[in-house]
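**Student:** The structure that follows is given in the form of structure tokens.
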Amino acid sequence: MSDQGSKDADSHQCSHDHHANPNASAPESHAGHEHNHGHATPTTATQSKDPVCGMTVTEASQFHSEHDGVQYFFCSESCRGKFQAEPLKYVAPAPVEVAVAPEGTIYTCPMHPEIRQDRPGNCPKCGMALEPLIPGLDDEENPELVDFRNRFWWTLPLTAVVFILAMFGHLLGWMEASTQSWVELVLSTPIVLWAGLPFFRRCVQSFINRSPNMWTLIGLGTGAAYLYSVTATVAPNVFPATFTAHGRIGVYFEAAAVIISLTLVGQLLELKARSQTSAAIKSLLGLAPKTARRINRDGSEEDVPLAHVHVGDSLRVRPGEKVPVDGVVTEGSSALDESMITGEPIPVTRRVGDHVIGATMNTSGSLVIESEKVGSQTVLSQIVQMVAQAQRSKAPMQRMADKVAGVFVLAVVGISLLTLFVWGFFGPEPSWVYGLVNAVAVLIIACPCALGLATPMSVMVASGKGASNGVLFRDAAAIEHLRKVDTLIVDKTGTLTEGRPTFERGIGTSGFAQDEVLRLAASLDQGSEHPLAATIVEAARQRGLALEKAEQFESGSGIGVRGIVGGRKLALGNTALMQAEGIATASLASDGDALRAEGASVMYLAVDGELAGLLALSDPVKATTPEAVAKLKEEGIHVVMATGDGVATAKAVAAKLGIEEFHGEVKPADKLALVSKLQQDGKVVAMAGDGINDAPALAKADVGIAMGTGTDVAMSSAQVTLVKGDLRGIARARNLSEATIRNMKQNLGFAFVYNALGVPLAAGVLYAPTGMLLSPMVAALAMSLSSASVVANALRLRKVRI
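Quick note: the sequence shown uses UniProt numbering, first residue 1, plus one each step.
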């Protein structure tokens with residue numbers, strides 16, 4: 001079958017009649033992943049979706065597997081094997097928190113996207129504040145940002161006074177040493193117990209959930225310094241004389257206070273920076289107009305809120321207005337600026353019958369459209385959802401960082417205790433004071449927050465960057481894997497070509513004029529909804545040919561159609577159909593071969609058992625395809641074309657585009673086998689396609705790339721979607737992938753180096769040669785700046801040119 005034929009034969013509109021590839025020489029049955037379309041077998045079995053390729057399967061399928069107590073059903077052994085190898089890749093992680101009600105905002109953790117709940121709060125794993133899964137345009141300022149800001153500014157004066165007293169009080173002689181300790185206790189208590197309360201709550205939560213994190217270290221460090229100081233102030237006699245300094249037992253209220261204030265500063269910087277990562281989603285949400293101009297049945301018009309628009313409504317779009325929803329043009333023509341959705345700056349002309357995308361700008365003429373998709377079903381809403389999903393997914397690199405961070409916290413606690421005892425037993429007097437100070441410094445500086453934020457921030461920014469350029473990543477793994485691709489398999493129809501066939505010419509045998517061949521074929525094809533049939537019917541109507549009603553219409557699966565028109569028995573299809581009808585095509589063989597060599601699809605028409613002529617249709621190559629193929633080849637990617645069209649047609653298109661390797665007359669199972677073979681040869685394979693017949697190969701490929709102009713099943717099977725269906729987007733997506741991974745490595749490298757240097761310094765390794773110790777306050781400042789720097793580095797991706 002042709003690509004177009006197999007695409008539509010596999011579409012969800014299973015009742016449609018279809019042509020097959022007229023170039024094929026033999027019938028081609030569906031296999032592997034394909035359904036029995038056109039003549040569906042009735043079944044009482046419950047239907048479900050194959051989680052790998054998205055196809056509809058029945059629960060009577062012999063291919064099934066259990067995961068977490070749930071049975072999943074598959075269309076083939078290949079899909080089942082892929083699911084069993086990586087079930088978490090195809091099954092959404094179960095929420096750790098209570099499931100969210102359908103209505104309302106969903107909150108999730110930026111570092112642990114599996115955490116979801118229907119209210120604000122803190123992540124039980126890392127303690128970070130949860131944020132909306134999909135931010136809204138009208139969202140108020142982050143409540144945690146407001147809370148932390150209040151806690152910081154209200155206690156900052158107290159922190160300053162405590163710090164001055166601790167550093168210079170004994171020099172100024174303002175009060176007795178014991179009195180100064182009590183003053184510091186009174187001033188620092190609101191800082192620790194009120195301003196630092198969120199941190200201690202998170203610390204306790206980390207123990208309850210057995211999930212050590214940055215708040216474990218901060219809580220232990222500041223808590224130890226504060227409790228030690230309180231004890232030294234209230235009951236100084238319990239300490240030995242060696243703990244005395246400047247006429248009192250040494251206290252570290254200033255360390256606890258300053259650490260909490262600096263941690264608040266770090267949180268404020270981080271929260272403000274994180275809010276910028278949602279700017280891409282908010283900008284997408286801002287594209288949609290607030291109202292639509294609806295044309296009522298009585299001809300009156302009114303402006304209504306966008307939420308009141310329903311499928312089937314007639315809407316007027318005036319010059320300078322945005323298209324409110326996805327729909328089809330019923331009146332008028334205009335040039336639409338679709339750059340905000342597709343990234344293509346040149347306006348596109350849309351006429352009657354053309355589909356339009358919501359949120360695009362009408363630049364000139366007036367249009368009337370019929371709404372087809374509203375609310376969450378529009379292209380814009382789906383883009384927002386895909387961006388949000390990609391931003392919240394974990395890259396494989398992040399999973400490694402998560403494992404390291406969990407072990408790292410436990411190791412730091414151990415190093416802190418070791419520091420305390422080594423200094424206490426072997427350090428200079430007051431040894432235990434030194435031990436306590438250095439142990440607290442180790443706990444504070446070794447915050448794993450920078451490590452945890454290293455990859456999520458890069459993923460969030462990259463996903464938004466890609467969306468603004470017409471490239472949608474389904475998850476973080478797609479961003480990470482795309483840069484490794486060295487082989488690209490491309491479908492032809494709808495991927496390399498426009499996917500909208502045009503009528504080229506008709507050739508009649510003796511006794512049949514060209515127009516008569518076209519008229520009879522179009523009359524017969526009125527019973528079919530296949531794209532090739534629609535093209536033939538449209539061509540006949542444009543020529544003003546009078547069409548007749550077809551009777552006894554039937555579709556021959558994979559070979560063509562039959563019926564009776566005007567009392568004459570007609571057959572229209574490929575050479576296989578002609579052979580089945582016992583009709584010789586030799587008289588037009590040379591014409592057919594010449595047309596196929598030019599890349600056209602050829603079908604034959606027989607009337608009452610005699611060959612009447614042939615029809616040639618072509619699917620023009622997209623204007624952007626030659627540039628895209630050349631660019632990919634320059635980057636060292638081996639491009640392979642796999643199409644259901646005949647070999648002659650495939651060869652002609654491949655020659656035009658300079659593609660050395662091509663495969664014609666391939667079925668969906670053949671595309672899947674091709675992907676598997678290349679992977680076995682050690683290639684990292686990407687598959688680009690737009691039809692349901694491409695879904696198995698898209699799911700099997702290391703990276704599946706779907707055309708946004710194609711079917712929903714293709715897009716659900718792929719990891720990357722090109723909104724406009726422009727292959728140049730692959731090069732852009734690959735460049736973004738490389739920039740993102742480079743950014744991730746920078747962040748991870750910085751986090752590892754920072755902790756590798758910071759922990760030994762805080763433990764006091766420089767004391768012996770230099771006499772220097774790292775103050776816990778300096779450690780707190782370094783900890784806060786490390787997290788902020790990681791976020792700032794990730795935000796640089798917004799300026800990367802792709």
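Note that CB positions come from ideal geometry on N, CA and C, so glycine has one too.
Fair warning: this is a prediction, and the values are worked out from it, not measured in the lab.
Rounding to the nearest angstrom, what Cα-Cα distance links leucine 727 and leucine 496 in this structure?
**Tutor:** Position 727 of the sequence shown, counted from the start, is the residue given in the question as residue 727. Position 496 of the sequence shown, counted from the start, is the residue given in the question as residue 496. Rounded to whole angstroms, leucine 727 to leucine 496 spans 8 Å at the Cα level.
**Student:** Phenylalanine 163 by DSSP, collapsed to three states: which one?
**Tutor:** Looking up residue 163 in the sequence shown gives position 163. Three-state result, phenylalanine 163: helix.
**Student:** Whether or not the region 600-611 and the region 478-495 are in contact is what I'm after, with contact meaning three or more pairs of Cβ atoms, one per stretch, closer than 8 Å; do they touch?
**Tutor:** As far as the Cβ criterion goes, the region 478-495 does not touch the region 600-611, which means the pair count is below three.
**Student:** Quick check on DSSP: helix, strand or coil for threonine 349?
**Tutor:** In the sequence shown, counting from the first residue as 1, residue 349 sits at position 349. If DSSP states are grouped into helix, strand and coil, threonine 349 belongs with the strands.
**Student:** If you count every other CB in all the chains shown that lies within 10 Å of the CB of valine 421, and 16 or more means buried, which is it?
**Tutor:** The residue you call residue 421 lines up with position 421 of the sequence shown. One detail in the question is off: residue 421 reads as phenylalanine in this sequence, not valine. The residue in question, phenylalanine 421, is exposed, as its Cβ has fewer than 16 Cβ neighbours within 10 Å.
**Student:** Mind pulling the beta strand (DSSP E) runs of 3 or more residues that sit fully within the region 481-550?
**Tutor:** Segments of the beta strand (DSSP E) lying fully in the region 481-550: 487-490 and 502-508.
**Student:** For methionine 167, count the other beta carbons within 10 Å of its own beta carbon; 16 or more makes it buried, fewer makes it exposed. Which is it?
**Tutor:** On the sequence shown, position 167 is the one that residue 167 refers to. Exposed: under 16 other Cβ atoms inside 10 Å.
**Student:** Using the Cα positions of proline 120 and alanine 195, report the straight-line distance between them to the nearest angstrom.
**Tutor:** What you label residue 120 is simply residue 120 of the sequence shown in a count that begins at 1. What you label residue 195 is simply residue 195 of the sequence shown in a count that begins at 1. Straight-line Cα distance between these residues: approximately 19 Å.
**Student:** Do the CB positions of leucine 145 and leucine 187 come within less than 8 Å of each other?
**Tutor:** Here residue 145 refers to the residue found at position 145 when the sequence shown is read from its first residue. Here residue 187 refers to the residue found at position 187 when the sequence shown is read from its first residue. No, Cβ-Cβ distance for leucine 145 and leucine 187 is not below 8 Å.
**Student:** Use the C-beta contact count for threonine 43: other C-beta atoms within 10 angstroms, 16 or more gives buried, fewer gives exposed.
**Tutor:** Mapped onto the sequence shown, residue 43 falls at position 43. Since pLDDT at threonine 43 reaches only 34, below the 50 mark, its modelled position is unreliable, and the value read off the structure follows with that caveat. Exposed is the call here.
**Student:** Count the other CB atoms, across all protein chains shown, that sit within 10 Å of the CB of lysine 549; report buried if there are 16 or more and exposed otherwise.
**Tutor:** Looking up residue 549 in the sequence shown gives position 549. Classification for lysine 549: exposed.
**Student:** Would DSSP call proline 157 helix, strand or coil?
**Tutor:** Sequence index remark: in the sequence shown, residue 157 carries index 157 (1-based). It is helical.
**Student:** Please name the residue, chosen from Ile659, Val409 and Arg350, that lies closest to alanine 642 on a Cα-to-Cα basis.
**Tutor:** Sequence index remark: in the sequence shown, residue 642 carries index 642 (1-based). Nearest C-alpha to alanine 642: Ile659.
**Student:** Can you tell me which of Ile218, Thr349, Thr625 and Glu114 puts its alpha carbon nearest to the alpha carbon of valine 440?
**Tutor:** Locating residue 440 in the sequence shown gives position 440, counting from the first residue. The shortest C-alpha separation from valine 440 is found at Ile218.
**Student:** When DSSP builds the beta bridges, which residues end up paired with proline 132?
**Tutor:** Within the sequence shown, residue 132 is the residue found at index 132, counting from 1. Answer by DSSP bridge pairing, in chain order: Tyr107.
**Student:** Sort Asp354, Phe83, Thr349 and Gly764 by Cα distance to threonine 330 and report the nearest one.
**Tutor:** In the sequence shown, residue 330 corresponds to position 330, counting from 1. Closest by alpha carbon: Asp354.
**Student:** Decide yes or no for the touch test of the region 611-619 against the region 466-476: beta carbon pairs closer than 8 Å, at least 3 of them.
**Tutor:** Flag = no, the region 611-619 and the region 466-476 do not touch.
**Student:** Would threonine 363 be called buried (16 or more neighbouring beta carbons within 10 Å of its own) or exposed?
**Tutor:** Position 363 of the sequence shown holds residue 363. Exposed is the call here.
**Student:** Run through DSSP, which three-state label would aspartate 619 get?
**Tutor:** In the sequence shown, residue 619 corresponds to position 619, counting from 1. Here aspartate 619 sits in coil by DSSP.
**Student:** Identify every residue that forms a DSSP beta bridge with serine 371.
**Tutor:** Start at 1 with the first residue of the sequence shown, and residue 371 comes out as number 371. Its beta-bridge partners are Gly327.
**Student:** Report buried or exposed for alanine 612, applying the criterion of at least 16 other Cβ atoms within 10 angstroms of its Cβ.
**Tutor:** Translated into positions along the sequence shown, residue 612 becomes position 612. Buried.
**Student:** Can you list, in chain order, the residues of its chain whose CB lies under 8 Å from that of serine 587, leaving out five sequence neighbours each side?
**Tutor:** In the sequence shown, residue 587 corresponds to position 587, counting from 1. Answer for serine 587: Thr509 and Leu611, listed in chain order.
**Student:** Could you compute how far the alpha carbon of residue 808 sits from the alpha carbon of leucine 193?
**Tutor:** What the structure shows of the chain is the stretch from 1 to 802, and residue 808 is not part of that stretch, so it cannot be assessed.
**Student:** Can you check whether the CB of asparagine 438 is closer than 8 Å to the CB of leucine 197?
**Tutor:** What you label residue 197 is simply residue 197 of the sequence shown in a count that begins at 1. What you label residue 438 is simply residue 438 of the sequence shown in a count that begins at 1. Not in contact: leucine 197 and asparagine 438 (Cβ atoms no closer than 8 Å).
**Student:** Between the Cα of asparagine 142 and those of Leu130, Gly582, Ala794 and Ala160, spot the shortest distance and give me the residue it belongs to.
**Tutor:** Looking up residue 142 in the sequence shown gives position 142. Nearest of Leu130, Gly582, Ala794 and Ala160 to asparagine 142, Cα basis: Leu130.
**Student:** Under the assumption that alanine 654 contacts alanine 731 (Cβ atoms under 8 Å), give the Cβ distance between them as a whole number of angstroms.
**Tutor:** As a first step, residue 654 is located in the sequence shown; it is residue number 654 there, counting from the start. As a first step, residue 731 is located in the sequence shown; it is residue number 731 there, counting from the start. Alanine 654 to alanine 731, Cβ: 20 Å. No contact.
**Student:** List the DSSP bridge partners of aspartate 337.
**Tutor:** The residue you call residue 337 lines up with position 337 of the sequence shown. Note: aspartate 337 sits in a beta bridge opposite Met361.
**Student:** Between valine 328 and isoleucine 369, how many whole angstroms is the CB-CB distance? I'm expecting something under 8 Å.
**Tutor:** Mapped onto the sequence shown, residue 328 falls at position 328. Mapped onto the sequence shown, residue 369 falls at position 369. Confirmed, about 6 Å.
**Student:** Pick from Gly320, Met687 and Lys656: whose alpha carbon is nearest that of serine 334?
**Tutor:** Along the sequence shown, read from residue 1 onward, the residue named residue 334 stands at position 334. Nearest C-alpha to serine 334: Gly320.
**Student:** Return the bridge partner residues of threonine 292 from the DSSP annotation.
**Tutor:** For the purposes of this step, residue 292 is taken as the residue at position 292 of the sequence shown. Note that residue 292 corresponds to alanine in the displayed sequence, not to threonine. Answer is Val304.
**Student:** Since isoleucine 218 sits in a beta bridge, which residues does DSSP pair it with?
**Tutor:** The residue given as residue 218 occupies position 218 in the sequence shown. According to DSSP, isoleucine 218 bridges with nothing at all.
**Student:** What's the gap between the Cα of alanine 292 and the Cα of tyrosine 754?
**Tutor:** The residue labelled residue 292 in the question sits at position 292 within the sequence shown. The residue labelled residue 754 in the question sits at position 754 within the sequence shown. Distance between the alpha carbons of alanine 292 and tyrosine 754: 54 Å.
**Student:** For glutamate 302 and lysine 656, what's the separation of their Cα atoms in angstroms?
**Tutor:** Here residue 302 corresponds to residue number 302 of the sequence shown, with the count starting at 1. Here residue 656 corresponds to residue number 656 of the sequence shown, with the count starting at 1. So the two alpha carbons sit approximately 51 Å from each other.
**Student:** Return yes when the C-beta of serine 314 is under 7 Å from any heavy atom of the ligand FAD, and no when it is not.
**Tutor:** Questions concerning the ligand FAD fall outside what the structure shown contains, since it holds no ligand whatsoever.
**Student:** Please work out which residues of its chain come closer than 6 Å, Cβ to Cβ, to valine 640, disregarding the five sequence neighbours upstream and downstream, and give them in chain order.
**Tutor:** Counted from its first residue, the sequence shown places residue 640 at position 640. If we look at valine 640 and ignore the five residues flanking it on each side, its Cβ neighbours are Ile489 and Glu661.
**Student:** Taking 8 Å as the cut-off, decide whether the C-beta atoms of methionine 361 and leucine 336 are in contact.
**Tutor:** The count along the sequence shown starts at 1 and reaches residue 361 at position 361. The count along the sequence shown starts at 1 and reaches residue 336 at position 336. Against a cut-off of 8 Å, the Cβ pair of leucine 336 and methionine 361 comes out as a contact.
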